[in-house]
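Numbered as in our numbering, the sequence shown ends at 384 without a single skipped number. Note that the Cβ used here is the ideal one computed from N, Cα and C, for glycine as well. Since this is a predicted model, take the numbers as computed values, not measurements. Below is one structure; the comments refer to it alone.
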Amino acid sequence: MNDIVTTAALTPASFKSAYKPIWCPGCGDYSVLSSITKALAKGAVPPEQVAIVSGIGCSSRIPAYTSCYGFHGVHGRALAAATGLKVARPDLTVLVTGGDGDGYSIGGNHFLHACRRNVDLTYIVMDNHVYGMTKGQASPTTEPDWDNKLSPGGTGIRAFHPLVIALASGANFVARAFAGDPNGTADIIAQGIRHPGFSFIEILSPCITFRPEQREWKQAVHPAPVAPTDDAARAARRIMTDDGFNVGVLYAGDRTPYPTLHGKAKGTPADLEAEFLL
Ligand SMILES: Cc1ncc(C[n+]2csc(CCOP(=O)(O)OP(=O)(O)O)c2C)c(N)n1
Ligand code: SF4
């Protein structure tokens, strides 16, 4: 944990650490950080009862900038670490943060199975359709015709559709948000945290350094003209046919979350280790 906060009334500032973010000026991740701290203040869970787990990437730096417990782990493995944490400590509110490279490429397998397991986690992906930290390689959500130095003429590879995949794999809450709307995004994150089971929130978060054209997302996004549904087939049609800039809660289901240990752990890690001794 970065700082102990003892204030009775929780504000977004209660969830910020003393570290100044080192993202490029104008990066969408600044707004996402602000939305996360606003959402946590709305939820009124004190920082010492929140853990934020991430992998590696610009977006994965989020835990260090909050006053919550944090784990900045291994590239693509944040969901695996967070799943173990939540199952062992169901009393904690566990958020997972990262990028499209971290979550859909190297971490893609964990993404599918986290949706399927439906552990009560809130997974926030800052999707900028590029690997920002490693200087602009195409990611699974990069448009096939994005022409740049590293993939001249574009990769020609169909883009991954995270929301459809989350829904088909069993996520219990599926939403799209836009970094340029910090209040709307905070509201969606707060809903995702409250919703039982695995909540997936895809945030369009521009990388102004390697994808400066994403500044135009501001003009492209629009509120989803529909209320959240618990009908997966209707949500699938809705997500498959939208233009990728429909912002809002697109699915809120009622699957029972994966059962956690609820204090029923039988042994300590040392007992487990002893069982595996050769
Ligand atoms: C096992 C492993 N493979 C590759 C890397 C190199 N690496 C670091 S961050 C990153 C991609 C980051 O992209 P993304 O997750 O989209 O986050 P962004 O930086 O765009 O926020 C890669 C490939 C690594 N750190 N570890
Ligand atoms: S490289 Fe892109 S994603 Fe990384 S901090 Fe800069 S603008 Fe943000």
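Give me the Cα-Cα distance between Ala244 and Ala380, rounded to the nearest whole angstrom.
45 angstroms
One or two residues paired with Gly176 in a DSSP bridge
Ile158
Going by the C-beta, is Trp129 closer than 6 angstroms to any heavy atom of ligand 2?
Relative to ligand 2, the nearest heavy atom lies less than 6 angstroms away from the CB of Trp129.
DSSP three-state call for Ala283: helix, strand or coil?
Residue state, collapsed to three classes: strand.
Residues bridged to Phe306 (per DSSP)
Tyr229, Val280
Based on the DSSP secondary-structure assignment, which residues constitute the bridge partners of Tyr237?
Gln243
Coarse secondary structure for Tyr357, derived from DSSP in three states:
strand
With a CB to CB cut of under 6 angstroms and the five nearest residues on each side skipped, what residues in its chain are close to Lys148?
Ala296
To the nearest angstrom, report how far apart Thr374 and Leu218 are at their CA atoms.
29 angstroms
Just confirm the distance between the C-beta atoms of Gly179 and Ala285, as a whole number of angstroms; I'd bet it's less than 8 angstroms.
The pair is not a contact, with the Cβ atoms about 23 angstroms apart (cut-off 8 angstroms).
Compare the Cα-Cα distances from Pro169 to each of Gly190, Ile142, Lys192 and report the closest residue.
Ile142
Which same chain residues, not among the five before or five after Asp197, have their C-beta less than 8 angstroms away from its C-beta?
Gln155
Of the residues Ser165, Phe121, Gly350, the one placed nearest Gly238, counting alpha carbons only:
Ser165
Between Trp252 and Asp206, what straight-line distance do the alpha-carbon atoms span, to the nearest angstrom?
16 angstroms
When burial is assigned at 16 or more other CB atoms within 10 Å of the CB, is Thr113 buried or exposed?
Only weak support exists for where Thr113 lies, its pLDDT of 49 falling under 50; the coordinates are left without a value.
Buried versus exposed, by CB contacts within 10 Å (16 or more), Ile100:
Residue 100 lies beyond the residue range present for the chain, which begins at 107 and ends at 384; the question has no answer from this structure.
Quick check on Gln320: buried or exposed, where buried means 16 or more other Cβ atoms within 10 Å of its Cβ?
buried
Take Ser123 as the anchor and find which of Ala188, Arg282, Thr172, Leu116 has the nearest alpha-carbon.
When each option's Cα is compared against that of Ser123, the closest is Thr172.
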